[in-house]
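Heads up: the protein sequence lines correspond to chains G and E, in order. Under the working numbering, the first residue of the first sequence carries the number 1, and numbering increases by one thereafter. Under the working numbering, the first residue of the second sequence carries the number 1001, and numbering increases by one thereafter. Here's the structure we're looking at; comments come further down.
Number of protein chains: 2
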Amino acid sequence: MLDLAPSSPCARQLDPHQGMGRQAPVCDGHVDLELAEMSRQIRLCAKTTVFAEGARADAVWSLDSGSVLLSKLLRDGRRQVIGIAVSGDFLGLPMQSANGFTATTLTPVVLRRFDRVRFADLLNRTPDLMRQVFETFSQELVLAQDHMLLLGRRSAEEKVAAFLLHLRDRWAPLQGLTSRIDLPMTRQDIGDYLGLTLETVSRTMTKLAQRKIIAVIPDGVRILDAERLARAAGL
Amino acid sequence: MLDLAPSSPCARQLDPHQGMGRQAPVCDGHVDLELAEMSRQIRLCAKTTVFAEGARADAVWSLDSGSVLLSKLLRDGRRQVIGIAVSGDFLGLPMQSANGFTATTLTPVVLRRFDRVRFADLLNRTPDLMRQVFETFSQELVLAQDHMLLLGRRSAEEKVAAFLLHLRDRWAPLQGLTSRIDLPMTRQDIGDYLGLTLETVSRTMTKLAQRKIIAVIPDGVRILDAERLARAAGL
DNA sequence: CGCGGGGTTGAAAGGCCTCAAAACGTGTGG
DNA sequence: CCACACGTTTTGAGGCCTTTCAACCCCGCG
């Protein structure tokens, strides 16, 4: 997880998906300053697009709060959500001149905008920053690989169960490891994330609810039996 | 594409998936030397595993020739191929202490082995090398995102068609853009890559062959109508 | 109060999978 | 040189899971 916010230099949060091998955080006042002056804080309300697939990418972003849906579109309208960004995540590829996906806010968000070229430039001049972003991307890659396994080889029930557990873990550092999971997205969004239709997502959830594994509540679910949910996910 | 081979310093090949924004290649003799002395060339024959998912990752690799299948396993045996590495590709995450996937040779390969920790160390001391690996990983991420779209939202026919075109493009820099596509893997491997069964892969291919879009030949296919194949892939 | 977006539920269809058998190709040994 | 064995590929029939299409419910809001 990156911390590019100048207001909290060196106050790095824990990353749940962090492997080992992380060195001590970088605390270079000069870099923080330069990041600060090249960034602009932006607030967006829910359901607005930060940037669109295919458009020229003249910025990269760091997400300070809220969550953002990342999706790719097939020309006939079929959509695949390739990730869900949360607080602390980094959006965009510094070396890529066009966006490979669309970013849509799920909740109100506050993010910092960096001019892509200037950021890439700073990256090349600042090995420590590069290392941070590099590690972030390594993590992204691991998550993407896990998701490929899910998309290609798991059943609907396994997908939904794994999704709920994944979301819980991903939001744990922000809101603690509670049994209540917020779902600030529609069934359609979830389906597009899991490679299912919205009806299948709905059906699968009610089936899990009937078995008392979860309870479906407004704007979220409550995990009743984490043990069995994990088993339903295929562990 | 990385070139970590000391025998051909600075002779960098073209990457077909390369976006823009690439700077001039790095030509630091000192780094090349250090890479050389920490690497060991290894030859493996086909169908051997380079490293296994879950095992301690004490090395990272650079693939000099041949191709390697990258796959993840579900506890009950279901498998997902998450990528196919070809000449010039980089294998393994320098900052990750355990392998997230298994690497199996498809053909005889020659690769260079680097001690992971020493490589990560060199990476931190050598911004230019870090930048190279960083760009490689950015590309990997883009490929992974494309593959998620394929796995989640494409039909069997679209998957197979897209797969063939993808392979052609990926091998183009090595063997030119011919109509003949080598398939040094089984239908099972292809199915595990596309999230299909081997039977569906076979059926889909013969269907494409019946329509004169491709011809199935021993150990590969020949593209008869690239236009229509692209259309079958959903463009 | 009526409208619209999101969610749930039902019935039917279809695409892909499962199971099974036969065809094919290749290397081995008689 | 042929017979055989083994692994891979193809082909077939049947079934299941997910999708499709549709109706209905719920709730917030103009």
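Virtual Cβ for every residue (Gly too), placed ideally from N, Cα, C.
- prompt: Can you tell me whether Glu1135 of chain E is buried or exposed, with buried defined as 16 or more other CB within 10 angstroms of its CB?
  reply: Against the second sequence, residue 1135 of chain E aligns to sequence position 135. Classification for Glu1135 of chain E: buried.
- prompt: Exposed or buried, which one is Leu1014 of chain E when buried takes at least 16 other CB atoms within 10 Å?
  reply: For the purposes of this step, residue 1014 of chain E is taken as the residue at position 14 of the second sequence. Because the pLDDT of Leu1014 of chain E is 29, which lies under 50, any placement of that residue in the model is unreliable, and the question is left without a value.
query: Name the chain G residues that come within less than 7 angstroms of Phe1163 of chain E, Cβ to Cβ?
result: What you label residue 1163 of chain E is simply residue 163 of the second sequence in a count that begins at 1. Under the 7 angstroms cutoff, chain G gives no residues; its nearest Cβ is about 13 angstroms from Phe1163 of chain E.
field: Residue interval of the alpha helix (DSSP H) (run including Arg1231 of chain E)
entry: On the second sequence, residue 1231 of chain E is found 231 positions in, with the first residue counted as 1. Note, Arg1231 of chain E: alpha helix (DSSP H), 1226-1232.
query: Hey, out of G:Arg180, G:Met205, G:Glu157, G:Val50, whose CA is closest to Arg231 of chain G's CA?
result: Translated into positions along the first sequence, residue 231 of chain G becomes position 231. The candidate whose alpha carbon is nearest that of Arg231 of chain G is G:Glu157.
- prompt: Nearest to Asp1225 of chain E by alpha carbon, out of E:Leu1194, E:Arg1203, E:Gly1191, E:Arg1180?
  reply: Taking the second sequence and counting its residues from 1, the one referred to as residue 1225 of chain E is at position 225. The residue with the shortest Cα to Cα distance from Asp1225 of chain E is E:Arg1180.
message: Residues in the same chain with beta-carbon distance under 8 angstroms from Asp219 of chain G, minus the five sequence neighbours each way, listed in chain order, please.
response: Here the question's residue 219 of chain G lines up with position 219 in the first sequence. Closer than 8 angstroms at Cβ, skipping near neighbours: Asp182, Leu183, Pro184.
field: Nonlocal neighbours in the same chain, by C-beta distance under 6 angstroms from Pro108 of chain G, ignoring five residues either side
entry: Translated into the one-based positions of the first sequence, residue 108 of chain G becomes position 108. Cβ neighbours of Pro108 of chain G beyond the five flanking positions: Cys45, Ala46, Gly66.
task: Taking only beta carbons into account, state which residues of the segment 139-164 of chain G come closer than 7 angstroms to chain E, listed in chain order.
output: Those residues of the segment 139-164 of chain G that come within reach of chain E (Cβ to Cβ, closer than 7 angstroms) are Glu140, Leu141, Val142, Ala144, Gln145, His147, Met148, Leu149, Leu151, Gly152, Arg153.
task: Determine the burial state of Gln190 of chain G: buried for a count of at least 16 other Cβ atoms within 10 Å of its Cβ, exposed for fewer.
output: Here the question's residue 190 of chain G lines up with position 190 in the first sequence. The question names Gln, but residue 190 of chain G in the sequence shown is Ile. Classified as buried, Ile190 of chain G has 16 or more neighbouring CB atoms from the shown chains inside 10 Å of its CB.
- request: Counting only the same chain and skipping the five closest in sequence on each side, list residues whose C-beta sits under 8 angstroms from that of Gln1096 of chain E.
  value: For the purposes of this step, residue 1096 of chain E is identified with residue 96 of the second sequence, where counting begins at 1. Answer for Gln1096 of chain E: Ala1057, listed in chain order.
query: If we call anything under 9 angstroms between Cβ atoms a contact, is Leu93 of chain G one with Gly100 of chain G?
result: The count along the first sequence starts at 1 and reaches residue 93 of chain G at position 93. The count along the first sequence starts at 1 and reaches residue 100 of chain G at position 100. Remark: C-beta atoms of Leu93 of chain G and Gly100 of chain G approach each other more closely than 9 angstroms.
- request: Hey, could you find the ends of the alpha helix (DSSP H) Gln145 of chain G is sitting in?
  value: If you number the first sequence from 1, residue 145 of chain G lands on position 145. Where Gln145 of chain G is concerned, the enclosing alpha helix (DSSP H) starts and stops at 127-153.
- request: Please classify Ala144 of chain G: is it buried, with 16 or more other beta-carbons within 10 angstroms of its beta-carbon, or exposed?
  value: Taking the first residue of the first sequence as position 1, residue 144 of chain G is located at position 144. It counts as buried.
- prompt: For Thr1197 of chain E, which residues from the same chain have a beta carbon less than 7 angstroms from its beta carbon, with the 5 sequence-adjacent residues on both sides left out?
  reply: Here the question's residue 1197 of chain E lines up with position 197 in the second sequence. Only Gly1191 meet the Cβ criterion.
- prompt: Hey, is Asp58 of chain G's beta-carbon within less than 9 angstroms of any beta-carbon in chain E?
  reply: As a first step, residue 58 of chain G is located in the first sequence; it is residue number 58 there, counting from the start. Not one chain E Cβ lies under 9 angstroms of Asp58 of chain G.
C-beta contact flag for Leu63 of chain G and Asp89 of chain G at 9 angstroms: For the purposes of this step, residue 63 of chain G is taken as residue 63 along the first sequence, with counting starting at 1. For the purposes of this step, residue 89 of chain G is taken as residue 89 along the first sequence, with counting starting at 1. For Leu63 of chain G and Asp89 of chain G, yes; Cβs fall inside 9 angstroms.
message: Need the endpoints of the alpha helix (DSSP H) that Phe163 of chain G sits in, please.
response: Taking the first residue of the first sequence as 1, we reach residue 163 of chain G at position 163. From DSSP, the alpha helix (DSSP H) with Phe163 of chain G extends over 156-175.
field: Secondary structure of Gln41 of chain G, DSSP reduced to three states
entry: Against the first sequence, residue 41 of chain G aligns to sequence position 41. It is a strand residue.
message: To the nearest angstrom, how far is the alpha carbon of Arg40 of chain G from that of Gln80 of chain G?
response: Within the first sequence, the letter at position 40 stands for residue 40 of chain G. Within the first sequence, the letter at position 80 stands for residue 80 of chain G. Looking at the two C-alpha atoms, the distance is approximately 30 angstroms.
message: Counting only Cβ pairs nearer than 9 angstroms, list the residues of chain E close to Ile84 of chain G.
response: Numbered from its first residue, the first sequence carries residue 84 of chain G at position 84. What Ile84 of chain G touches in chain E: nothing, since even the nearest Cβ is about 13 angstroms away.
message: Against Gly234 of chain G, what residues of chain E qualify as contacts under a CB-to-CB distance less than 8 angstroms, listed in chain order?
response: The count along the first sequence starts at 1 and reaches residue 234 of chain G at position 234. Within 8 angstroms Cβ-Cβ: Leu1074, Arg1075, Asp1076.
query: So, is the C-beta of Asp89 of chain G closer than 9 angstroms to a C-beta in chain E?
result: Here the question's residue 89 of chain G lines up with position 89 in the first sequence. Not one chain E Cβ lies under 9 angstroms of Asp89 of chain G.
- prompt: From which residue to which residue does the alpha helix (DSSP H) around Ser1202 of chain E run?
  reply: Looking up residue 1202 of chain E in the second sequence gives position 202. Taken as a continuous stretch (DSSP letters only), the alpha helix (DSSP H) holding Ser1202 of chain E covers 1198-1210.
- request: Report all residues from its chain with a CB closer than 8 angstroms to the CB of Ala1024 of chain E; omit the five preceding and five following residues, and keep chain order.
  value: For the purposes of this step, residue 1024 of chain E is identified with residue 24 of the second sequence, where counting begins at 1. Caution applies to Ala1024 of chain E, whose pLDDT of 43 falls short of 50 and renders its modelled position unreliable; the model cannot decide the point.
query: Which residues in the same chain as Thr200 of chain G place their Cβ atom closer than 8 angstroms to its Cβ, once the five residues preceding and following it in sequence are excluded?
result: By one-based count along the first sequence, residue 200 of chain G stands at place 200. Counting only Cβ-Cβ distances below 8 angstroms, and skipping sequence neighbours, we find Ala156, Gly191.
- request: Quick one: list the residues of chain G neighbouring Gly1195 of chain E, beta-carbon separation under 8 angstroms, in chain order.
  value: Position 195 of the second sequence, counted from the first residue, corresponds to residue 1195 of chain E. In chain order: Leu151, Gly152, Arg153.
field: Range of the contiguous beta strand (DSSP E) that encloses Gln1188 of chain E
entry: As a position in the second sequence, residue 1188 of chain E is number 188, starting the count at 1. Not the beta strand (DSSP E): Gln1188 of chain E falls in the alpha helix (DSSP H), residues 1187-1194.
Cβ-based neighbour list, Ile42 of chain G, same chain, cut-off 6 angstroms, excluding 5 preceding and 5 following: For the purposes of this step, residue 42 of chain G is taken as residue 42 along the first sequence, with counting starting at 1. Contacts found: Leu111, Arg113.
task: Using a cut-off of 8 angstroms between C-beta atoms, extract the partners of Phe101 of chain G located in chain E.
output: On the first sequence, position 101 is the one that residue 101 of chain G refers to. By Cβ distance, chain E contributes Gln1145.
- prompt: Bridge partners of Ile1084 of chain E, per DSSP?
  reply: Numbered from 1 along the second sequence, position 84 holds the residue referred to as residue 1084 of chain E. In the DSSP assignment, the residues bridged to Ile1084 of chain E are E:Leu1069.
message: Run through chain E and tell me which residues come within less than 7 angstroms of Gln80 of chain G, C-beta to C-beta.
response: Residue numbering aside, residue 80 of chain G sits at position 80 when the first sequence is read from its first letter. The answer, in chain order, is Met1148, Leu1149, Gly1152, Arg1153.
- prompt: If we ignore side chains and look at the alpha-carbon of each, how far apart do Arg22 of chain G and Val60 of chain G end up?
  reply: Locating residue 22 of chain G in the first sequence gives position 22, counting from the first residue. Locating residue 60 of chain G in the first sequence gives position 60, counting from the first residue. Low local confidence applies: a pLDDT of 40 at Arg22 of chain G is under 50, so the model's placement there is unreliable, and no value is given.
query: the segment 123-138 of chain G: which residues have C-beta closer than 7 angstroms to a C-beta of chain E, in chain order?
result: Asn124, Pro127, Met130, Arg131, Phe134, Glu135, Phe137, Ser138
message: Does the CB of Leu1243 of chain E have a neighbour CB from chain G at under 9 angstroms?
response: In this structure chain E extends from 1001 to 1235, so residue 1243 of chain E is not present and cannot be described.
- prompt: In chain order, what residues of the same chain lie with their CB nearer than 7 angstroms to the CB of Lys212 of chain G, ignoring the 5 residues before and after it?
  reply: Taking the first residue of the first sequence as position 1, residue 212 of chain G is located at position 212. Taken in chain order, the residues that qualify are Leu224, Asp225.
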